[in-house]
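**Student:** Submitted below is the structure of interest, expressed as structure tokens.
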Amino acid sequence: MELVHNVLLTLYNFLKQFVDEEDNLITELPPVSFSKMLKLQNSNTSKEIKGGYDALFDGIDEEEKVSDEDEVRFMTSNEAKNLAYSLKHKNLPGLSKKDKFQLIAMVNTIISNQGESMDANGARFTALVENHFHLNQQLPVEQKQPSLQARDFTWALHSQSQDLLLEKCINLCGDKFVWEDAKSLGIFLWLQKIDIVRDQMAAIARNTYLSQGDFKDPINCTLFYLALRKKNLVQGLWRTAGHHKEQAAMLKFLANDFSQPRWQTAASKNAFALLGKQRFEYAAAFFLLADKLRDAVNVILKNVKDYQLAIAICRVYEGDHSPILKDIIENTVIPTAIQSGDRWLISMSYWMLNKQKESIRAIIVPLSQFSDKTVHVEDFAAAVQDPNTFILYNQLKGGQTQDLSVPYDLEYQFYLLVSKSYEKLGCPLLALHILTKYYMRPPEEVSTVEDKAEDLFYSESNKPARAQDLFNDEIKTPSRAADLFDDNDDIFAPSKPSYSTNLFDDSDDIFAPKTDLFVDDKDIFASKDLKDETDNVESMNKLVYDGLDAYKAMLVIRLLQTFFHAASAIYNGLQEPDNVHEMKYRTRFLQNRQAILELGQSVKIPPHVFSRLLMEKSIETDVFPLYLYILHEGVPENFDVHQFLRAFKVGCFEVNEVALMPQDLDYATLVFVEHWTEHVIKTFDIWSELRSRYCNPKTATLTTKQIALTTYISAILITLKERQYEKAWRLLYHLKSFLDVVGVSNNSEAAISDCFNQLLNNDTKMVEMITEDFDSLSDGSSMFGFDMLEEVYRPLFDSQDSSPAANLLEAASLNFVLSSIEHSMQCQGKHHNLGELISDFIWTTLLDPIAYRAHCLKKTIETQLECDLTK
Numbered sequence: 001m002e003l004v005h006n007v008l009l010t011l012y013n014f015l016k017q018f019v020d021e022e023d024n025l026i027t028e029l030p031p032v033s034f035s036k037m038l039k040l041q042n043s044n045t046s047k048e049i050k051g052g053y054d055a056l057f058d059g060i061d062e063e064e065k066v067s068d069e070d071e072v073r074f075m076t077s078n079e080a081k082n083l084a085y086s087l088k089h090k091n092l093p094g095l096s097k098k099d100k101f102q103l104i105a106m107v108n109t110i111i112s113n114q115g116e117s118m119d120a121n122g123a124r125f126t127a128l129v130e131n132h133f134h135l136n137q138q139l140p141v142e143q144k145q146p147s148l149q150a151r152d153f154t155w156a157l158h159s160q161s162q163d164l165l166l167e168k169c170i171n172l173c174g175d176k177f178v179w180e181d182a183k184s185l186g187i188f189l190w191l192q193k194i195d196i197v198r199d200q201m202a203a204i205a206r207n208t209y210l211s212q213g214d215f216k217d218p219i220n221c222t223l224f225y226l227a228l229r230k231k232n233l234v235q236g237l238w239r240t241a242g243h244h245k246e247q248a249a250m251l252k253f254l255a256n257d258f259s260q261p262r263w264q265t266a267a268s269k270n271a272f273a274l275l276g277k278q279r280f281e282y283a284a285a286f287f288l289l290a291d292k293l294r295d296a297v298n299v300i301l302k303n304v305k306d307y308q309l310a311i312a313i314c315r316v317y318e319g320d321h322s323p324i325l326k327d328i329i330e331n332t333v334i335p336t337a338i339q340s341g342d343r344w345l346i347s348m349s350y351w352m353l354n355k356q357k358e359s360i361r362a363i364i365v366p367l368s369q370f371s372d373k374t375v376h377v378e379d380f381a382a383a384v385q386d387p388n389t390f391i392l393y394n395q396l397k398g399g400q401t402q403d404l405s406v407p408y409d410l411e412y413q414f415y416l417l418v419s420k421s422y423e424k425l426g427c428p429l430l431a432l433h434i435l436t437k438y439y440m441r442p443p444e445e446v447s448t449v450e451d452k453a454e455d456l457f458y459s460e461s462n463k464p465a466r467a468q469d470l471f472n473d474e475i476k477t478p479s480r481a482a483d484l485f486d487d488n489d490d491i492f493a494p495s496k497p498s499y500s501t502n503l504f505d506d507s508d509d510i511f512a513p514k515t516d517l518f519v520d521d522k523d524i525f526a527s528k529d530l531k532d533e534t535d536n537v538e539s540m541n542k543l544v545y546d547g548l549d550a551y552k553a554m555l556v557i558r559l560l561q562t563f564f565h566a567a568s569a570i571y572n573g574l575q576e577p578d579n580v581h582e583m584k585y586r587t588r589f590l591q592n593r594q595a596i597l598e599l600g601q602s603v604k605i606p607p608h609v610f611s612r613l614l615m616e617k618s619i620e621t622d623v624f625p626l627y628l629y630i631l632h633e634g635v636p637e638n639f640d641v642h643q644f645l646r647a648f649k650v651g652c653f654e655v656n657e658v659a660l661m662p663q664d665l666d667y668a669t670l671v672f673v674e675h676w677t678e679h680v681i682k683t684f685d686i687w688s689e690l691r692s693r694y695c696n697p698k699t700a701t702l703t704t705k706q707i708a709l710t711t712y713i714s715a716i717l718i719t720l721k722e723r724q725y726e727k728a729w730r731l732l733y734h735l736k737s738f739l740d741v742v743g744v745s746n747n748s749e750a751a752i753s754d755c756f757n758q759l760l761n762n763d764t765k766m767v768e769m770i771t772e773d774f775d776s777l778s779d780g781s782s783m784f785g786f787d788m789l790e791e792v793y794r795p796l797f798d799s800q801d802s803s804p805a806a807n808l809l810e811a812a813s814l815n816f817v818l819s820s821i822e823h824s825m826q827c828q829g830k831h832h833n834l835g836e837l838i839s840d841f842i843w844t845t846l847l848d849p850i851a852y853r854a855h856c857l858k859k860t861i862e863t864q865l866e867c868d869l870t871k
């Protein structure tokens, strides 16, 4: 919970600076300290902190001492209220409306629970209930969640603070705590004290009767009162129901003695008559009047289809030792839960039957062991998709002394699959926490081979280890480290050898393994106490190589995806590259980088290797400008500048290749390439100066020109595809002068920098277009990529414009680019505008793709105009 409060406090302090109404649309992201998050993750989450309760979804509670300086301040009620208000009125980037509602509900939950003290399971349930109610207040009716699920009720069942939980539930429901509320909260499944169970049934009956306004109908509460054996009270309610047409008949009937068989038979006949009229709950009430509990619950189960109501009636009528209650759970609830694969409900059911061993086993063993019928759901531990079951299993197992008869290899598989579930949920740090905090030795039959660096970066083995096999969704070919970052739909992975990659690839493999990474296996989240260190030493002696070291390292690398995507969103959201906010983010980036390096070391990835991976990921996610600004100020420890520049060069050519190829690109790809080219242009002074200092002086200048030229051309092509004609105009306007400075042999970097600065100054405007000049265009039709009446660029819409006019304008622009390049090359011998090497580069890399793209556009236009260009 400390970690949650830390993140929310960071968000609160961030939003405080936006006080004006025009600040409601926020384009920046709050700078969260990753190092502090790791510190809180590693610290003891069960320590008491003033003003709150234990962490909600930790595993087994452990007593650990934490120094006062490690304590984290909880949010105050006023801070939480102000944060909730800010979230309601401000829009954060990347946060959908529903996500915002979820966040507001979480903040409101914190406000409601300030100062309460209850056990961990009670805190879990309270958080779930509070979030459920607060979220339903925010969401529209069609999106509201009608009730909690068995996975939520379970925490209340195993809580020792049920009195507090019940009070919380009643308060949330207000004065109208009726059966629908009790059912949605599972009250009669988890309340253990039978006296309180009966009190709540009486409260439900009373509230049901009183909530009907002036014309109160005793029928609606009859079932509840008869379950409590309060026939006389029902009779009294009928005496006040003068408006009801059945008053006389009911008063006469209820005046009889239903302990006599004659009147029990009469009550049963009336129950069957009510069944014929489909008045099922009232029929069940008459069966209770006849003292036929089994018939009553059968009606509820078969016709009302409410197993919770059946259980509640049984508990109130006969108590927790009712044989009918046992029969309902064993023959109705458990089989239904098995068929639906609801392990939470199965576990709860066995716990209610006082079969604790079976309750714990139900969390992990195949469901077929609890049923003679065929189970249609996945019948093994891999079917467990909810990692919270691991928390419950470890908690309940720790309180048992008897043998659970669960095979160890099944527990081990469960342990691994829960870790993978956290990874799939986008929580690699939690996955790593499971693998280290709850470490399990592999079964003896598992072949264990010492992991080496090759396991992470390269593998030629056709026999994957068992642990590795568990984490493979499909058979994959051996891959290098770069594949760790690849998505299945990687738009930047070339399907065939590319010119740029072949021309500028370096011979040595930057991912070639150079050392053994995995020497030992220690708990990343271990406490620093002497006692814990002694325990760790003893446990470390028992550890074996289990094939998980490489997976742990991969989980740390997975963190980079979140880290760098967030950094990319921050950087791309900034309006100016050198404003005060970016300086702050740059500092935070360095701090977070160091924290990730330290985390990498904890899973035995050497700093120089992990630094290289950080560098590669920064380039892949378009965060390289942050690194460039950092390098401009000073080189961090364990950072290979030359390696970064090589990767940056390869990244530039690969991204530019995407722009050059004649292919259809979605809007996200267009924006990515656009941002990339913008960042390369904006940071030209830095990376060109770094290249001159750290790269081969014989080729540094040439490669710098090649990167600058391909980036410039790519920027033109991408803006044309996006139909951003005003931006494309500036690029086309300066193209000839740019080609001239690229061909300069002396001080060319300074000349290129001047040209880029002119582009960035945004001082070249298109000729003003007057709508009246386009009489042939009716209703403001789109010709140049935007509405002629509004002159507003609409990115998502205009980038899809494939009209003949848009294609003609793009083709004309491409022909201008071709003619400009060809003119510069023709003047090479006469004016020395372009050097021989740069000229060869243009021939092999740029001219052919541009010419082919122009040719394809021409064919498309001819088809659209039916070969009649006069149209």
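Counting in my numbering, the sequence shown runs from 1 upward without gaps. We put the beta carbon where it would ideally sit given N, CA and C, even for glycine.
(1) Looking only at DSSP bridge pairs, what is asparagine 747 linked to?
(2) Answer with buried or exposed for lysine 168, where buried requires no fewer than 16 other C-beta atoms within 10 angstroms of its C-beta.
(3) Check whether the segment 272 to 289 touches the segment 221 to 237, taking contact to mean three or more Cβ pairs, one atom from each stretch, closer than 8 angstroms.
(4) Is it right to say glutamate 866 is buried, meaning 16 or more other beta carbons lie within 10 angstroms of its own, or is it exposed?
(5) Measuring CB to CB, does methionine 75 end up less than 7 angstroms from histidine 5?
(6) Provide the residue(s) that pair with tyrosine 712 in DSSP beta bridges, ordered along the chain.
(7) Can you tell me whether DSSP reads asparagine 91 as helix, strand or coil?
(8) For alanine 699, which residues of its own chain have a beta-carbon under 8 angstroms away from its beta-carbon, when the five flanking residues on both sides are left out?
(9) If you draw a straight line from the alpha carbon of glutamine 200 to that of valine 304, how long is it in whole angstroms?
(10) Which whole-angstrom value describes the C-beta separation of proline 335 and serine 371, a residue pair presumed to lie in contact below a C-beta threshold of 8 angstroms?
(11) Checking 7 angstroms against the spacing of the C-beta atoms, do tyrosine 393 and isoleucine 363 come in under that value?
(12) Judging by CA-CA distance, which residue of Ile300, Glu657, Leu720 is the nearest neighbour of isoleucine 707?
(13) Restricting to Cα atoms, I'd like to know which of Pro140, Lys88, Phe153 is closest to asparagine 121.
(14) Can you give me the Cβ contacts of leucine 396 inside the same chain, cut-off strictly under 6 angstroms, excluding the 5 residues immediately before and after it?
(15) Let me know the secondary structure DSSP gives arginine 612 once reduced to three states.
(16) Using the beta-carbon count (16 or more within 10 Å), is tyrosine 408 buried or exposed?
(17) Please report the straight-line C-alpha distance between tyrosine 712 and alanine 659, rounded to a whole angstrom.
(18) Out of curiosity, what's the CA-to-CA distance linking leucine 9 and isoleucine 619?
(19) Are leucine 237 and proline 261 closer than 7 angstroms when you measure CB to CB?
(20) For serine 161, tell me which candidate among Lys193, Trp676, Ile861 has the shortest Cα-Cα distance.
(21) With a threshold of 8 angstroms on Cβ separation, who are the neighbours of isoleucine 716 within its own chain once the five nearest residues in sequence on each side are excluded?
(22) Between Gln643, Met440, Lys183, Lys176, which lies nearest to tyrosine 209 when the distance is taken from Cα to Cα?
(23) Between tyrosine 667 and serine 799, is the Cβ-Cβ spacing less than 7 angstroms?
(24) So, using beta-carbon positions, are serine 421 and proline 387 closer together than 7 angstroms?
(25) When we look at the beta-carbon of phenylalanine 272 and count the other beta-carbons within 10 Å, is it buried (16 or more) or exposed?
(26) For arginine 124, count neighbouring C-beta atoms within 10 Å of its own C-beta (all shown protein chains included) and say buried if the count is 16 or more, exposed if not.
(27) At which residue ranges does the segment 274 to 347 contain complete alpha helix (DSSP H) runs of 4 or more residues, listed in the order of the chain?
(28) Using only alpha-carbon positions, find the residue among Leu720, Asp754, Asp840 that is nearest to tyrosine 793.
(29) Report the option in Arg853, Lys649, Val107 whose CA atom is closest to the CA atom of aspartate 664.
(30) Using the rule of at least 16 other Cβ atoms within 10 Å of the residue's Cβ for burial, across every protein chain shown, is alanine 431 buried or exposed?
(31) Rounded to whole angstroms, what is the Cα-Cα separation between proline 913 and threonine 401?
(32) Isoleucine 204 to aspartate 195, Cα distance in whole Å?
(33) Taking Cβ to Cβ, would you say serine 96 is nearer than 7 angstroms to leucine 15?
(34) Between aspartate 549 and glycine 398, what straight-line distance do the alpha-carbon atoms span, to the nearest angstrom?
(35) Measuring only the C-alpha atoms, how far is arginine 279 from isoleucine 300?
(36) I'd like to know if the segment 599 to 608 and the segment 621 to 634 are in contact, where contact means that at least 3 CB-CB pairs between them fall below 8 angstroms.
**Tutor:** Reading from the atomic positions:
(1) Asparagine 747 is bridged by DSSP to nothing; it lacks a bridge partner.
(2) Under this definition lysine 168 is a buried residue.
(3) The segment 272 to 289 vs the segment 221 to 237: in contact.
(4) Result: exposed.
(5) Using a Cβ distance threshold of 7 angstroms, methionine 75 and histidine 5 count as a contacting pair.
(6) As far as DSSP is concerned, tyrosine 712 takes part in no beta bridge.
(7) Reduced to three states, the DSSP call for asparagine 91 is strand.
(8) For the record, residue 699 in the displayed sequence is threonine; it is not alanine. Excluding sequence neighbours, threonine 699 sits near nothing in its chain.
(9) Between the C-alpha atoms of glutamine 200 and valine 304 there is a straight-line separation of about 21 angstroms.
(10) With a Cβ gap of about 6 angstroms, proline 335 and serine 371 count as contacting.
(11) Result yes, Cβ atoms of tyrosine 393 and isoleucine 363 sit closer than 7 angstroms.
(12) For isoleucine 707, the nearest C-alpha among the options comes from Glu657.
(13) Nearest to asparagine 121 by alpha-carbon distance, out of Pro140, Lys88, Phe153, is Phe153.
(14) The beta carbon of leucine 396 sits closer than 6 angstroms to those of Ile360, all from its chain and outside the five residues before and after it, given in chain order.
(15) Of the three classes helix, strand and coil, the one that applies to arginine 612 here is helix, per DSSP.
(16) Looking at its Cβ environment, which holds fewer than 16 other Cβ atoms inside 10 Å, tyrosine 408 is exposed.
(17) C-alpha separation (whole angstroms): 11 angstroms.
(18) Roughly 31 angstroms separates the two Cα atoms.
(19) Their beta carbons are not under 7 angstroms apart, which means leucine 237 does not touch proline 261 by this criterion.
(20) When each option's Cα is compared against that of serine 161, the closest is Lys193.
(21) Result list for isoleucine 716: Ala728, Leu731, Leu732, Leu735, Ser813, Val817, in chain order.
(22) Nearest of Gln643, Met440, Lys183, Lys176 to tyrosine 209, Cα basis: Lys176.
(23) Less than 7 angstroms divides the Cβ of tyrosine 667 from the Cβ of serine 799.
(24) Judged by beta-carbon spacing, proline 387 lies within the 7 angstroms limit of serine 421, meaning their Cβ atoms are closer than that value.
(25) It counts as exposed.
(26) By the 10 Å Cβ count, arginine 124 comes out buried.
(27) DSSP runs (the alpha helix (DSSP H)) wholly in the segment 274 to 347: 280 to 289, 293 to 299, 307 to 318, 323 to 328, 334 to 340.
(28) In terms of Cα proximity to tyrosine 793, the closest of Leu720, Asp754, Asp840 is Leu720.
(29) Distance from the Cα of aspartate 664 is smallest, within the candidate group Arg853, Lys649, Val107, for Arg853.
(30) Result: buried.
(31) This structure gives no information on residue 913, because the portion of the chain shown stretches from 1 to 871.
(32) Going by the C-alpha atoms only, they are around 14 angstroms apart.
(33) No, the pair does not count as a contact, with Cβ atoms beyond the cut-off.
(34) Aspartate 549 and glycine 398: Cα-Cα distance of roughly 27 angstroms.
(35) Put simply, the backbone Cα of arginine 279 is about 11 angstroms away from that of isoleucine 300.
(36) Counting C-beta pairs closer than 8 angstroms gives fewer than three between the segment 599 to 608 and the segment 621 to 634, which falls short of the contact rule.
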